[in-house]
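In the UniProt record's numbering, the protein residues as written are 1 to 922. Presented below is the structure to which this report refers.
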Amino acid sequence: MADTQPPIVLVDGSSYLYRAFHALPALTTSNGQPTGAVKGVLNMLKSLIKQYPDSPMAVVFDAKGKTFRDELFEQYKAHRPPMPDDLRSQVEPLHRCIRALGVPLLCIEGVEADDVIGTLARHATEAGRDAVISTGDKDMAQLVNRHITLVNTMKGETLDVDGVTEKFGLPPERIIDFLALMGDKVDNIPGVPGVGEKTALGLLQGIDGGLDAIYADLEAVKSLSFRGAKTLPKKLEANREQAFLSYQLATIKTDCDLPVGLDDLDIAHPDREALVALYRELEFRNWLAELLEGRDEGVDAPADDDADVPAGGAASSRRDHSVLTQEAFDAWLERLNAAKAFCFDLETTSLNYMEAEIVGVGLALEPGEAAYVPLAHDYLDAPEQLDRNAVLAALKPLLEDPERGKIGQNLKYDISVLARYDIHVAGALTDTMLESYVLNSTATRHDMDSLALKYLGETTITFESIAGKGARQLTFNQIALEQAVPYACEDVDITLRLHRELRPRIEAEGRLAEVLDTLERPMIPVLSRMERTGVALDVSRLHAQSKELEGRIRDIEQDAFEIAGREFNLGSPKQLGEILFDELKIPVIKKTPKGAPSTAEAVLEELALDYPLPKVIMEHRGLSKLKSTYTDKLPQLINATTGRIHTSYHQAVTATGRLSSSDPNLQNIPIRTEEGRKIRQAFIARPGCRLVAADYSQIELRIMAHLSEDQGLLEAFAEERDIHTATAAEVFGIAPDKVSGEQRRSAKAINFGLIYGMSAWGLSRQLHIEPGQAQTYIDRYFDRYPGVARFMNDIRARAADEGHVETVFGRRLYLPEINAQNRARRQAAERTAINAPMQGTAADIIKRAMIDVDAWLNPRDGEAEFDAWMVMQVHDELVFEVRDAQAEDFLGAVRRRMEAAAELKVPLVVEAHAGANWDEAH
């Protein structure tokens, strides 16, 4: 060390910006702003600040415009491609973040960042200080001496004089000579043609004194021992001028006239307010949480607790009420009765609505004030609480009032729990989870904690922080009121404030308010009712299927052993890889991030087209998954009270608006295999009833016809022709009655493949034909259906321009990578742009149907026309339980209602059948 003072730290911002952009995963905000490089550089900078807490520091970037090197050599950096748009858009926000962290940022015209760093490093050593240069650029090695070291935080590498010599085979003072001889393709430094890295190294290791010494005695070069040395003098002589020009170009200036000095490099106090705003804008949620909670080292929490509180109230200023007396509860009842809407949230003993017991109720009417009514906290020394039945009876008229709005987060859960207490929530339902989902389905998680951080800039009390984790986690009834009251009050206060933040945003964006109000909000009670109804299972049949699958799996294992020539663990990727690639010599088509041959499902699926063992492994995996996920697990999910399974449907998961389900996941039960159909046979109707399955026929192709307005498709559907046969006739140029089964299957693959953006290569693999033949099929398809080609081109262009696509009903799907420089990511976004309007419109249509059918089966006034219950929804299919005597009449009635769910340019067709089980009804 030059002295005991901390070193000056000089950061090569330009170097790290490029390296972070190319080396780290691409990240984007919800509105499509790339942020991966920003986050990478800031991570590195935060690490340096922590490593050198007392050091003066500067981050140096290249300025725009020419430098003295351009005057020396007109072609300097001429071959360097322009900065990618995805990177250029990150420069300005990165600069703002660096300045907000309090770190000096230098960008000086006429010289490069390297020269600024070199000059400041020299000034440091002249002032008796050490300097640390943080960079990933090898050119900087020329600056290293006993007072200057290089640090590459991305590689965890530190280079002093010995480190440079070990890494490059040359001391720091020979790095310029090295670059001058071999040149630099990135910067277009010409060097000496024919002299590469090894030759340059041989010259400089063989002749002491660098470029000057080499040119002073070119004859000495002939005596060097490396290959080609004897012919090298002629090349060197012919390019003498170019070599010395390259030396000048490669030399980092250390004598620049700079407008700043070492005294200007002290790190200022971070601007917390600016960082909060930037982290929100760039959606760096973890860093934002650290800031707001005061966990970000080096950034002090604000002296005033309310310094960063958005309008509408904050935790520190919120008035929380613990309602323990009848007088206090009556006062809140009076306020609730005077309100047109109120926010509520149940605190319960379980996340399973079928088992949860109500422990308390949170209430809020205005931001900044909330109440918690504890009802069943039973820990030792818990205070006396109001009677649960009496409180719920008092709230029942308010909750069931159809004229009074209810606001909540994930309201379906609360509605389902209350239904078990004979409280049937009515009125306009506002769910902040769904508001966030409709605003941008892919932008963020839609749980309250994530939304509070994103939209309000606040961190919330986590359940784990008051209840603990793991096996010893307390249930809410065991939580002391000192902790339960602020937790419960925060829930309703944050929810109410989120609604006031999200609703105006939704109303400002196209038809999103219509999507929310006519589709998502009305779906809440529909799904709650369907979940609570559940569906019956034939357990004995499932047990028999499990035993049958077990036998099949054992047989397949033996087949695999025979093909492999030995026994092995089919579930071990390592052992499977050894068998496939080392022993059977099957070609490796993809590797894992660690470099091992991949045995992922997509890889095996491709290999299974040509090799028997991957095909057997795929079958083994498929049957094992069916057994573990369905035939073994379904009986365990039967509710002991109802004797039925009650899946959970999720509205705010998929990007396109489709529902998903869990425990069990009904969407993934295969229908095209015998084993999958057998599982469906275990879904049965209760005694005296039949199951009715009503399925939209080819709905996405019909939506394509509607959106593309292709005359051929419109006519085929209008005339009720089989669309796959019609396509086969067009593509293969034959009469419809001459279409074979194989040709129809090919046409079906084309029809569905194209709307999912399938390429000729993908189609060729699916049809087992050459890519050229597949491309011919695709070309013929677009020739026959030009409206489809036009639609696809238009939607791609519109998506690129607007950043999103819409369904027929106005639902949006944002595509942040639609203009990505990376071709693969851009093409993936383009495929989504084509498919999402169809898949999303199909999701909207079945939701419209479900809302209408539910109202028909459960009229608010009067009796229902049928004794029927909606029990399942799977993709484009609804499943009902209907009284035996009414089943036939119900088929026609439900078909008509579902077909009327939307008016398209082609007819919607629903196929409906009845049966004793789901498979029979399909």
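Glycine included, C-beta positions come from ideal geometry on N, C-alpha and C.
Query: Span separating the alpha-carbon of V731 from that of I755; Result: 16 Å
Query: S322 - partner residues in DSSP beta bridges; Result: Y372
Query: Which listed residue (G688, L634, P907, G470) has its alpha carbon closest to that of I679; Result: L634
Query: Neighbour-count burial assignment, H768, 16 or more Cβ in a 10 Å radius; Result: exposed
Query: Distance between Y247 and V116 (C-alpha atoms, nearest Å); Result: 18 Å
Query: Given 8 Å, three or more beta-carbon pairs between the stretch 540-547 and the stretch 450-457; Result: no
Query: Per-residue DSSP class, three states only, for K651; Result: Before going further, note that residue 651 is Gln rather than Lys in the sequence given. Residue state, collapsed to three classes: coil.
Query: The beta strand (DSSP E) enclosing H804, as first and last residue numbers; Result: 804-806
Query: Contacts around G169, its chain only, beta-carbon distance under 6 Å, and the 5 residues preceding and following it disregarded; Result: L201
Query: Cβ-Cβ separation, T656 to A836 (assumed contact under 8 Å), whole Å; Result: 5 Å
Query: Runs of alpha helix (DSSP H) wholly within the stretch 560-584 (minimum 4 residues, chain order); Result: 573-577
Query: Integer Cβ distance of L375 from G360, believed to fall under 8 Å; Result: 5 Å
Query: Those residues which DSSP pairs with W869 across a bridge; Result: E881
Query: Span of the alpha helix (DSSP H) around M57; Result: Counting along the chain, M57 falls outside any alpha helix (DSSP H), though it belongs to the beta strand (DSSP E) covering 57-60.
Query: For Q10, the first and last residue of its enclosing beta strand (DSSP E); Result: One point to set straight first is that residue 10 is Leu, not Gln, in the sequence displayed. Looking at the DSSP string, the run of the beta strand (DSSP E) that includes L10 is 8-12.
Query: Residue of F226, L278, R529 minimising C-alpha distance to L203; Result: F226
Query: Between the CA atoms of P270 and G102 - distance to the nearest angstrom; Result: 5 Å
Query: Range of the contiguous beta strand (DSSP E) that encloses T158; Result: 157-159
Query: Within 9 Å, strictly: CB atoms of T599 and I617; Result: yes
Query: Start-to-end residues for the alpha helix (DSSP H) that takes in I506; Result: 481-507
Query: Inter-residue spacing [alpha-carbon to alpha-carbon] between residue 984 and T158; Result: A query on residue 984 cannot be resolved here, the shown segment of the chain reaching from 1 to 922 and no further.
Query: Selection from A364, A705, R174, L474 that minimises the alpha carbon distance to I252; Result: R174
Query: G194 versus K230 - alpha carbon distance; Result: 13 Å
Query: Cβ pair count under 8 Å reaching 3, the stretch 552-570 against the stretch 902-915; Result: no
Query: DSSP three-state assignment for R690, whether helix, strand or coil; Result: strand
Query: Exposed unless 16 or more other CB atoms sit within 10 angstroms - verdict on P597; Result: buried
Query: Proximity of G534 and N639 at Cβ, strictly below 9 Å; Result: yes
Query: L201: first and last residue of the uninterrupted alpha helix (DSSP H) it sits in; Result: 197-206
Query: Terminal residues of the alpha helix (DSSP H) in which E674 lies; Result: 674-681
Query: Simplified DSSP state of F342, which is helix, strand or coil; Result: strand
Query: Nearest-angstrom Cα separation, counted from A855 out to D381; Result: 48 Å
Query: Euclidean distance between Cα positions of residue 931 and L439; Result: With the chain represented from 1 up to 922, any question about residue 931 goes unanswered, as that position is not in the structure.
Query: Status (buried if at least 16 other CB within 10 Å, exposed otherwise) for residue 924; Result: Here the chain comprises residues numbered 1 to 922, so residue 924 is not present and cannot be evaluated.
Query: Sheet register partners of Y696 (DSSP bridge); Result: V910
Query: D208, buried or exposed, once every other Cβ within 10 Å from all chains shown has been counted against 16; Result: exposed
Query: Beta-carbon separation (whole angstroms), A180 vs A250, contact threshold 8 Å; Result: 5 Å
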